[in-house]
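Written below as structure tokens is the structure these notes are about.
There are 2 protein chains.
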Amino acid sequence: MNHTITFTTSDGKTVTASALTGTLVSDAAQQAGIEITQPCGGQGRCGRCAIQITGGNVRRRSTLRLSQEAVEQGYALACQSVIEGDASILVPEQEKIERNLTTDRVAAEVSVPSGYDINWSQTVRRVNVRMNEPSMDDQTDDWARLQTALRVQHKLETVEASISLLRRLGQVLRDGNWEVNVIYELKNLDNHSAAHIIDVRPSICDEDEPIYAAAIDIGTTTVSLWLVDLVTGQVKAQVAEYNDQIVRGEDVISRIIYASKHGGSDDLQHRVVGTINKLGETACKRLKTRPDQIVKAIIAGNSTMIHLLLGIPAASIRLAPFITAVNHPPLMAAREMGLHFCPDAVVDCLPGVASYVGADITAGVLSNGMDDTDEITLFIDVGTNGEIVLGNRDWLMTCACSAGPAFEGAGVKDGMRATTGAIEEVWINGDTYEPSIRVIGGSKPRGVCGSGLISLIAEMFLTGILDKAGNVNLSLPTKRVRATDQGGEYVIAWADETSHGHDIAITRVDVDNLLRAKAAIYAGFTILAEQVGMTLADVETMVIGGSFGKYVNVEKAMQIGLLPDMPWDKFKFLGNTSVKGAYFALVDTRQRERISEIASRMTYLELSADNTFYDAFTSALFLPHTDMDKFPTVAEALLSKEKR
Amino acid sequence: MNHTITFTTSDGKTVTASALTGTLVSDAAQQAGIEITQPCGGQGRCGRCAIQITGGNVRRRSTLRLSQEAVEQGYALACQSVIEGDASILVPEQEKIERNLTTDRVAAEVSVPSGYDINWSQTVRRVNVRMNEPSMDDQTDDWARLQTALRVQHKLETVEASISLLRRLGQVLRDGNWEVNVIYELKNLDNHSAAHIIDVRPSICDEDEPIYAAAIDIGTTTVSLWLVDLVTGQVKAQVAEYNDQIVRGEDVISRIIYASKHGGSDDLQHRVVGTINKLGETACKRLKTRPDQIVKAIIAGNSTMIHLLLGIPAASIRLAPFITAVNHPPLMAAREMGLHFCPDAVVDCLPGVASYVGADITAGVLSNGMDDTDEITLFIDVGTNGEIVLGNRDWLMTCACSAGPAFEGAGVKDGMRATTGAIEEVWINGDTYEPSIRVIGGSKPRGVCGSGLISLIAEMFLTGILDKAGNVNLSLPTKRVRATDQGGEYVIAWADETSHGHDIAITRVDVDNLLRAKAAIYAGFTILAEQVGMTLADVETMVIGGSFGKYVNVEKAMQIGLLPDMPWDKFKFLGNTSVKGAYFALVDTRQRERISEIASRMTYLELSADNTFYDAFTSALFLPHTDMDKFPTVAEALLSKEKR
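Protein sequence lines correspond, in order, to chains A and B. Just so we're aligned, residue 2 is where the first sequence starts under my numbering, counting upward by one. Just so we're aligned, residue 2 is where the second sequence starts under my numbering, counting upward by one.
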């Protein structure tokens, strides 16, 4: 039976939808064009898709994440409630996904590889071709005419083209009056006579006119795109944007679950393709060019992101024994993927290693160079997940820590993503226990993001608000610590200081979640080292990718035992090593080949199958660790605090 | 402005459509789901899309093909009339496109090449593959697992798969419990270690289970499909069907014009793909299998048909200097073309030579073997067009005669396609001038089809009703010859003998059209021979493809000068040489390579650029020819008739 559902949004708009009995409220809203954020992918786990039923017939299948009070006020989870009759529904303001991501100028640290020469470094070529006009005496077909001209004028013996290109070839040749420029990709760098045509354009072209290509990293949270000129090898624009899949789940597991639902896979694919298209447009607009001028893209990303991008079922990634469908995806054309680049732009998704060690990590290893050094290097990429690689020129060992998105604010009562209103850094006065905070956007705070949580836990620990086990010391002389039915908590901001008028606090349960996340990562370090008969002290270089070092205070991360305690000069912070690796692969085909070698060289260790993991994990569930000898710097800091 | 159009069809159905001012009646009808046949592709040339306006506001842009009387009765051409207000339209019964095409058993003449062995003759392979189930100790990705198994168990070093196949691979491997059968195509017959996967099926398979493939010929009028079992090399079913594009034009020129209109190209592509899908279904049903079991198809057809199939603009084929976009199309996957075969079935469109000598002719040359004999061979394929090849092992010369579809009944007042009600053979009594006729389907006649026209002209000539120049002898003692304002005519059937109640007659204008068509073909023979310094007498073998010899009486064709006058033992009738060539290429990859060689060896002669063509054409405009010495057999027949 069909029912009429009236949705009213926080800005007062009213939309009426028609839905059958049994339709999920979230689906009905989607059909009506109303976005309801589902950070857990519609599992009823996160409670963040709550809507308010103001009238009518809606059945709540689960209210697990709603308080009794909220239920009494009519709240229901959109992903867990079904339509059973006409209904009126109030949709509260949805968490906005916005932040000033790197839309800045090209980062200084990215420099063109030395000795860069488009013709010797990589496989994309552009040539001018002049042909004789067909006549009754020369009725050669268009395609053969172009092939012959390429052979005679540019020594290309074998050229291929897609049917899509052949469909428009005749018009282009005539538009250009038989003078065109042809962009093609060589089969490989060692054979300059076999190629695949990417584009034919109806004019003659200057040699120094840019040839655009894109290096892309698809993060679970953020997608980054670098627009590169292959003629000079330079990065011409860097843009980033939240992955539009976020509204369908904040972590890879939620996304995989959502993808397994009817239509979910298509939805997620369209969303990430849409994000990339948006980024391409933004970058191109800045350079006064068009996305259809992008002739090649190299894409890095974790295995789930690559599967979802390509529309490959990802369900087996989630379930033991955690198998990917494809670690080395085939080359594709942009048009096959819905990317608004040049239709035959070559899209090359970099190879991954395993379900939880993907192409973002192989690209990261390339860009930090650990596969080509004698120094024992430990590389961690802390994004939505934590992946670790240990090794050097001779061996590479890797594992993934299912840290979960706690450091992105999930699973924490007042946690939130790093958007406007998030507390991103906290300092606590050791005498008064009063905090100082820095809020993104400078406004009143709404919650605490990952970097804020790390500095908060570190400060609470160093000032004695938390003990080694993460218990809140309720005996301190401050109102900010108080008991609740969920254990002790510490108030970071009072209701009148916040934007929503409620206290912002961190509870014992939150601390536990954070401890589990950091313990998972630290245990990963330990196990990897143990596997090769080493300790973390043997590590000569510690490379950190991701937002650490940029947004996260590494000293604090060390103080809570998230990162190992090492001398400062061993640390290197490289930012987004994934997109950087894609960039290197784009401008230097040998580096692209090197990523495939890296992928096949890396030995993957499945932590959940490792018997020693649980011990290492439990030992790391303390601040900073059960074994204080592993954290001499932190021990010293505690000592100096006590002395003071 | 929107108007309401009411269509009433001959079976009394009434459909209402809404159309804007300026909409063509044919387009409005199409939108309303009413088929109006447009044999000339909507050019207003053929007059066969006439409909009757019974009320309202329709403007006739052209009434060239309608009599004054018809216009007065409200008739208008659907393709040349536009809606200007509400209207009521009567749609007469449309010419039905039906005939018992070859749905018979497999023709005896098709035999499997001697020494056929699936593994040495062609490139499609099927193997069983058994894999270990993934586990925590072996987390290899699905695709690499299959690749490794193929390498270890079947020595395949390099295998590729489309993203579409990779998307369903995981499910198939699990459905088959890690035992599957894999169908792949080798890159070439000389390298058994590199392949492209076509299909993976979730079970182990017996060696003698069929592997289905299709040989297809796309004719302008008829599409033929042979379903082949690659395991035995046998043809298992032969089916044929009118090309569903016919309603959009009877000849290639009309189709090209229609394709250039908005949406025309897509429409024609869907129609021919639909025809192939229908044939695939019919053939598969007969063998109790499904079209998705067809793993490869080789397609022959004239250049226009191949362009339209692939959605490649064909406009330049029609206009001087008559250039095709692509003579050697790339391989495609069935799913890319909308064919309901196995999604990754390899579709190989054979190479053509020029705009009017296509893959049907290169395939025909292969199947008649003239490229591999010492004997001077003349090959003519009479379909909707006439293409001629002259040559042998050492040289091959070809040209196309724009005969037009006169022999398919177009351009002839009472002409029609070879469907039910068509007079297909005529005998005329030399004393009484009374005809005997044979009608397709055995019912009362409606018109005369190609084979009927040929025998009619021949009989009229031999009995003296027509003179050498094609004039009707009005002085004969029979009512069947009579004068009209269009010259003399001969009545083949009186009104009361026909199904529509009008006389069926052939006029002087009709005869002229037929003479022009046959003269074009004969001039082609002459010019080709002259080009190499020969006469037709030097020809050692005359190979005839197409319906000639099957439906057409060759003696009569010779008597009117359509075919050269040669001893009977020089003639060979091979039927559809095009689909036969595709079949040979399918079961023997060396033959496929040979077709490419044939295409590149053939020298194309553009008749419209040849100065001597017009002389040859004019000389052939007589019955059988100005030079009677060229037709000794016919001269003898005339003599014996006169003597009698």
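For glycine and all other residues, C-beta sits at the position ideal for the given N, C-alpha and C.
*In whole angstroms, what is the alpha-carbon distance linking B:Glu161 and B:Pro625?*
One-based indexing of the second sequence puts residue 161 of chain B at position 160. One-based indexing of the second sequence puts residue 625 of chain B at position 624. Rounded to whole angstroms, B:Glu161 to B:Pro625 spans 59 angstroms at the Cα level.
*Using a C-beta cutoff of 8 angstroms, does B:Asp176 count as contacting chain A?*
The sequence position of residue 176 of chain B within the second sequence is 175, counting from 1. Output row for B:Asp176: interface = no.
*Can you tell which of B:Arg249, B:Arg394 and B:Leu167 has its C-alpha closest to the C-alpha of A:His308?*
Position 307 of the first sequence, counting from 1, holds the residue named residue 308 of chain A. It is B:Leu167 whose Cα lies nearest to the Cα of A:His308.
*List, in order along the chain, the chain A residues whose C-beta lies closer than 8 angstroms to that of B:Trp144?*
As a first step, residue 144 of chain B must be located in the second sequence, where it is residue number 143. Result: Ala326, Val327, Asn328 and His329.
*So which of B:Pro331, B:Leu190 and B:Ile212 has the shortest CA-CA distance to B:Val183?*
Looking up residue 183 of chain B in the second sequence gives position 182. The candidate whose alpha carbon is nearest that of B:Val183 is B:Ile212.
*asked:* For A:Thr222 and A:His155, what's the separation of their Cα atoms in angstroms?
replied: As a working note, residue 222 of chain A is residue 221 in the first sequence. As a working note, residue 155 of chain A is residue 154 in the first sequence. If I take the Cα positions, the gap works out to 45 angstroms.
*How big is the Cα-Cα spacing for A:Arg439 and A:Asp252?*
As a first step, residue 439 of chain A must be located in the first sequence, where it is residue number 438. As a first step, residue 252 of chain A must be located in the first sequence, where it is residue number 251. Going from the Cα of A:Arg439 to the Cα of A:Asp252 covers about 26 angstroms.
*Mind checking B:Met137: buried by the 16 CB within 10 Å criterion, or exposed?*
Within the second sequence, the letter at position 136 stands for residue 137 of chain B. Exposed, because fewer than 16 other Cβ atoms sit within 10 Å of the Cβ of B:Met137.
_Near the ligand COA: B:Gly448 beta-carbon under 7 angstroms from a heavy atom_ = Looking at this structure, you won't find the ligand COA or any other ligand, since it has none at all.
*Please check if any C-beta of chain B sits within less than 8 angstroms of the C-beta of A:Ser255.*
As a position in the first sequence, residue 255 of chain A is number 254, starting the count at 1. No, no contact with chain B.
*is_contact[B:Ala20, chain A] using C-beta, thresh 8 angstroms*: Counting from 1 along the second sequence, the entry for residue 20 of chain B is found at position 19. Not one chain A Cβ lies under 8 angstroms of B:Ala20.
*Could you pull out every unbroken beta strand (DSSP E) segment of at least 3 residues lying fully inside the region 356-439 of chain B, listed in chain order?*
378-383, 387-392, 397-402 and 423-429
*asked:* Quick check on DSSP: helix, strand or coil for A:Cys350?
replied: In the first sequence, the residue the question calls residue 350 of chain A occupies position 349. In the structure shown, A:Cys350 sits in a strand (DSSP, three-state: E or B).
*If we cut at 8 angstroms on Cβ distances, does A:Ser194 have a partner in chain B?*
Within the first sequence, the letter at position 193 stands for residue 194 of chain A. Chain B contact via Cβ: absent.
*Is it buried or exposed for A:Met371, if we count other Cβ within 10 angstroms and need 16 for buried?*
Counting from 1 along the first sequence, the entry for residue 371 of chain A is found at position 370. So A:Met371 ends up on the buried side.
_Which residue wins for smallest C-alpha separation from B:Gly534, given the options B:Gly392, B:Ala521 and B:Tyr491?_
Your numbering for residue 534 of chain B matches position 533 in the second sequence. With distances taken between Cα atoms, B:Gly534 lies closest to B:Gly392.
*Just the chain A side, please: which residues come within less than 9 angstroms of B:Leu167 by C-beta, in chain order?*
Taking the second sequence and counting its residues from 1, the one referred to as residue 167 of chain B is at position 166. Within chain A, the residues near B:Leu167 are Leu311, Ile313, Ala326, Val327, Pro330 and Pro331.
_Through-space distance from A:Ala411 to A:Ile455, alpha-carbon basis_ = What you label residue 455 of chain A is simply residue 454 of the first sequence in a count that begins at 1. What you label residue 411 of chain A is simply residue 410 of the first sequence in a count that begins at 1. Cα to Cα, A:Ile455 sits roughly 13 angstroms from A:Ala411.
*Please work out which residues of its chain come closer than 6 angstroms, Cβ to Cβ, to B:Asn101, disregarding the five sequence neighbours upstream and downstream, and give them in chain order.*
As a working mapping, residue 101 of chain B is identified with position 100 in the second sequence. Annotation note: pLDDT 42 at B:Asn101 (below 50); position unreliable, coordinate value reported separately. Closer than 6 angstroms at the Cβ level, and outside the excluded window around B:Asn101, lies no residue.
*Identity of the residues DSSP links to B:Gln239 by a beta bridge*: Stepping through the second sequence from its first residue, residue 239 of chain B is reached at position 238. The partner list for B:Gln239 (beta bridge, DSSP) reads B:Trp227.
*In chain B, which residues lie with their C-beta within 7 angstroms of the C-beta of A:Ala496?*
Along the first sequence, one-based indexing puts residue 496 of chain A at 495. Going along chain B, no residue has its Cβ under 7 angstroms from A:Ala496, so there is no contact; the nearest lies around 49 angstroms.
*Does the separation of the CB atoms of A:Phe1 and A:Ala558 fall below 8 angstroms?*
With chain A covering only 2 through 645, there is no way to say anything about residue 1 of chain A.
*Report the neighbours of A:Ser317 on chain B: residues whose CB is nearer than 7 angstroms to its CB, in chain order.*
In the first sequence, counting from the first residue as 1, residue 317 of chain A sits at position 316. Within chain B, the residues near A:Ser317 are Gly171.
*Whose C-beta lies closer than 7 angstroms to the C-beta of A:Pro633 among residues of the same chain, with five residues either side of it excluded?*
Your numbering for residue 633 of chain A matches position 632 in the first sequence. These residues qualify, in order along the chain: Asp566.
*Rounded to whole angstroms, what's the CA-CA distance from A:Glu541 to A:Ile377? Just pull it up for me.*
Residue numbering aside, residue 541 of chain A sits at position 540 when the first sequence is read from its first letter. Residue numbering aside, residue 377 of chain A sits at position 376 when the first sequence is read from its first letter. Roughly 5 angstroms between the two C-alpha positions.
_Cβ separation of B:Pro135 and B:Arg152, assumed to be a contact under 8 angstroms, to the nearest whole Å_ = In the second sequence, residue 135 of chain B corresponds to position 134, counting from 1. In the second sequence, residue 152 of chain B corresponds to position 151, counting from 1. B:Pro135 to B:Arg152, Cβ: 17 angstroms. No contact.
_According to DSSP, residues forming a beta bridge with B:Lys642_ = Numbered from 1 along the second sequence, position 641 holds the residue referred to as residue 642 of chain B. Answer is none; B:Lys642 lacks a bridge partner.
_Looking at the strands, I want to know which residues DSSP matches up with B:Phe572._
Position 571 of the second sequence holds residue 572 of chain B. For B:Phe572, which the question treats as bridged, DSSP gives the partners B:Met543.
*asked:* Would the region 110-122 of chain B count as touching the region 168-176 of chain B if we require 3 or more Cβ pairs under 8 angstroms?
replied: no
_I'd like to know whether the C-beta of A:Glu594 is nearer than 8 angstroms to at least one C-beta of chain B._
Here residue 594 of chain A refers to the residue found at position 593 of the first sequence. With 8 angstroms as the cut-off, A:Glu594 does not count as an interface residue toward chain B.
*Please determine, among B:Ile35, B:Gln246, B:Cys285 and B:Gly13, the residue with the shortest C-alpha to C-alpha distance to B:Gln239.*
Taking the second sequence and counting its residues from 1, the one referred to as residue 239 of chain B is at position 238. The shortest Cα separation from B:Gln239 among B:Ile35, B:Gln246, B:Cys285 and B:Gly13 belongs to B:Cys285.
*Leaving out the 5 sequence neighbours to the left and right, which residues in its chain are closer than 8 angstroms to B:Ala165 when beta-carbon positions are compared?*
On the second sequence, residue 165 of chain B is found 164 positions in, with the first residue counted as 1. Strictly speaking, residue 165 of chain B in this sequence is Ser, with Ala absent from that position. Cβ neighbours of B:Ser165 beyond the five flanking positions: Ala334, Arg336, Pro344 and Asp345.
*Could you check which residue in B:Asn554, B:Asp361, B:Ala33 and B:Ser444 has the C-alpha nearest to that of B:His501?*
If you number the second sequence from 1, residue 501 of chain B lands on position 500. Comparing Cα-Cα distances from B:His501 to each of B:Asn554, B:Asp361, B:Ala33 and B:Ser444, the minimum goes to B:Ser444.
*Taking only beta-carbon positions, decide if A:Phe342 is within less than 8 angstroms of chain B.*
Sequence index remark: in the first sequence, residue 342 of chain A carries index 341 (1-based). It does not: the Cβ of A:Phe342 has no partner Cβ on chain B nearer than 8 angstroms.
*Would you give the residue range spanned by the alpha helix (DSSP H) that A:Val273 belongs to?*
In the first sequence, counting from the first residue as 1, residue 273 of chain A sits at position 272. Looking at the DSSP string, the run of the alpha helix (DSSP H) that includes A:Val273 is Gly265 to Arg287.
_Give me the chain B residues within the contact set of A:Ile299, using Cβ-Cβ distance strictly less than 8 angstroms, ordered along the chain._
The residue given as residue 299 of chain A occupies position 298 in the first sequence. Here the premise fails: no neighbours, minimum Cβ distance about 16 angstroms.
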